[in-house]
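Heads up: the protein sequence lines correspond to chains A and B, in order.
Per this note's numbering: the first sequence = residues 567 to 709.
Per this note's numbering: the second sequence = residues 8 to 170.
Note that beta-carbon positions come from the ideal geometry of N, C-alpha and C, so glycine has one too.
Read through the structure below, which is laid out as structure tokens, and then see the notes.
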Amino acid sequence: MYRDFGTIFIFIFMGVVLVYLPLLIQKLVAPNNPNPDKLATYECGEESEGSAWVQFNIRFYVVALIFLIFDVEVVFLFPWAVVFNDLGILAFIEMAIFLVILLIGLAYVWKRSDLDWVKYNVKYGRGRYANLFEKPNTVEDLK
Amino acid sequence: MGVLENKFQDNVVVASLDKLLGWARSTSPWYFQFGLACCAIEMMASAASRHDLERIGMMPRSSPRQADVMIVAGTVTMKMALRVKKLYEQMADPKYVISMGSCATSGGPYWQHGYHVLKGVDLVVPVDVYVPGCPPRPEALIEGLIKLQEKIQTERPLTRDLV
């Protein structure tokens, strides 16, 4: 039993050695001439401007999630469609169940108006504009 | 400077290690794609299947951090010269420059009246090999690269300079 642990130890040891030995060799052999230009951020030869930390609209998160779901759907659909004739009725039913599950998800995000950039179903806080999208604006509203 | 670079007296061991380092450096000089004009088309042709630069160990890189050789292929305008200089500085040592074609070497057809063209890229970066031609054929570029490999092979990275 201890011999098995010995094997694991040798594996770990060799893993560490194979990472740090090349680093050590390059430390010894490679020339090291840093200067401000070399240490600067590579931006195709341009001077880099501003910070890399930029704010992103949080709504892209939902868009990315929805995209991911239907992206995976297409990934599954294509190979299924290619060999559709050989698979028979069982695979068709399975794929139909899969599609129905995703369609429920689609109905859900549609209902929550995640497909719209401006969410008409969501109350934007309180105040004058809180009920702005609940009913169509008419002339009576504006009076 | 590196830890071991230029630190040793010349002797048999150091000379052999120098040869080993020269072999390692010269047989896989990855080049930085620096296509500026029509010479870039010939550079691409050199890398493509007919001439196949990979058989002499050369592989195009898109980032100066991964490149050893910068092939300045084409007309270097005054505006681009600043970028050439900065990109050369951003390459990791040891680094080499090939001036490809007459534009990069001397300004080429713009040598007299080209108000906007740098008259030779060696005004901003140190050039190791000049490849003549307008544009040079892939064979000419390959000969330049082999000359560069010979030059790298004869370098003595570990040996202390006598002067």
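Ranked by how close their Cα comes to the Cα of glutamate 12 of chain B, the residues A/Val582, A/Met580, A/Leu594 and A/Phe575 have A/Leu594 in first place. With a cutoff of 8 Å on beta-carbon distance, tyrosine 38 of chain B and isoleucine 78 of chain B are scored as near each other. Spanning the alpha carbons of alanine 673 of chain A and glycine 64 of chain B requires a straight line of approximately 56 Å. Residues of chain B whose Cβ lies closer than 7 Å to the Cβ of glycine 616 of chain A do not exist, since the nearest Cβ in that chain is about 18 Å away. Boundaries of the beta strand (DSSP E) harbouring serine 106 of chain B: 103-107, taken from the DSSP string.
Valine 79 of chain B is bridged by DSSP to B/Phe41 and B/Ser106. Counted as a single uninterrupted DSSP element, the beta strand (DSSP E) harbouring tyrosine 137 of chain B occupies residues 136-138. Only residues of its own chain outside the window of five on either side were considered, and among them Ile63 have a CB closer than 8 Å to the CB of isoleucine 153 of chain B, listed in chain order. In the three-state scheme derived from DSSP, where H, G and I count as helix and E and B as strand, arginine 163 of chain B is classed as coil. Checking the DSSP bridge columns, you'll see phenylalanine 15 of chain B partnered with B/Thr166.
The alpha-carbon separation between glutamate 615 of chain A and alanine 606 of chain A amounts to approximately 11 Å. Within the region 587-600 of chain A, those residues whose Cβ lies closer than 8 Å to any Cβ of chain B are, in chain order, Lys593, Leu594, Val595, Ala596, Pro597, Asn598 and Asn599. In the three-state DSSP reduction, arginine 32 of chain B falls in the helix class (H, G or I).
Aspartate 570 of chain A: member of the alpha helix (DSSP H) spanning 568-595, first to last residue. The alpha-carbon of isoleucine 578 of chain A is positioned some 50 Å away from that of alanine 88 of chain B. Under the Cβ distance rule, aspartate 100 of chain B counts among the residues neighbouring chain A, one pair being separated by less than 8 Å. Taking a 10 Å sphere around the C-beta of aspartate 637 of chain A, we find fewer than 16 other C-beta atoms and assign the residue as exposed. Flagged as an interface residue toward chain B: glycine 611 of chain A, by a C-beta distance shorter than 8 Å.
Between valine 91 of chain B and valine 83 of chain B, the CB-CB gap stays under 8 Å. Listed along chain A, the residues sitting closer than 7 Å to glutamate 12 of chain B by beta-carbon distance are Pro597.
Distance from the CA atom of tryptophan 676 of chain A to the CA atom of asparagine 623 of chain A, rounded to whole angstroms, is 20 Å. A distance below 8 Å separates the beta carbons of glycine 114 of chain B and lysine 126 of chain B.
Of all residues in the region 138-159 of chain B, none places a beta-carbon less than 9 Å from a beta-carbon of chain A. Taking 8 Å as the CB threshold, glutamate 162 of chain B stays off the interface with chain A. If you draw a straight line from the Cα of proline 588 of chain A to the Cα of glycine 572 of chain A, it is about 24 Å long. Beyond the five residues adjoining it in sequence on each side, arginine 167 of chain B comes within less than 7 Å, by CB distance, of Asn13, Lys14, Phe15 and Gln16 in the same chain, given in chain order. The beta-carbon of tyrosine 627 of chain A is placed no less than 8 Å from the nearest beta-carbon of chain B. DSSP, reduced to helix, strand and coil, places proline 71 of chain B within a helical segment of the structure shown. Chain order gives the chain A residues near arginine 90 of chain B as Cys610, Gly611 and Glu612, where near means a beta carbon separation below 9 Å. As for any alpha helix (DSSP H) of minimum length 4 sitting wholly inside the region 618-697 of chain A, the runs are 625-648, 650-653 and 655-677, ordered along the chain.
Looking at the DSSP output, threonine 84 of chain B shares a beta bridge with B/Val124.
Among the CB atoms of chain A, none fall inside 8 Å of the CB of glutamine 40 of chain B.
Not flagged as an interface residue toward chain A: serine 106 of chain B, since no C-beta distance is shorter than 8 Å.
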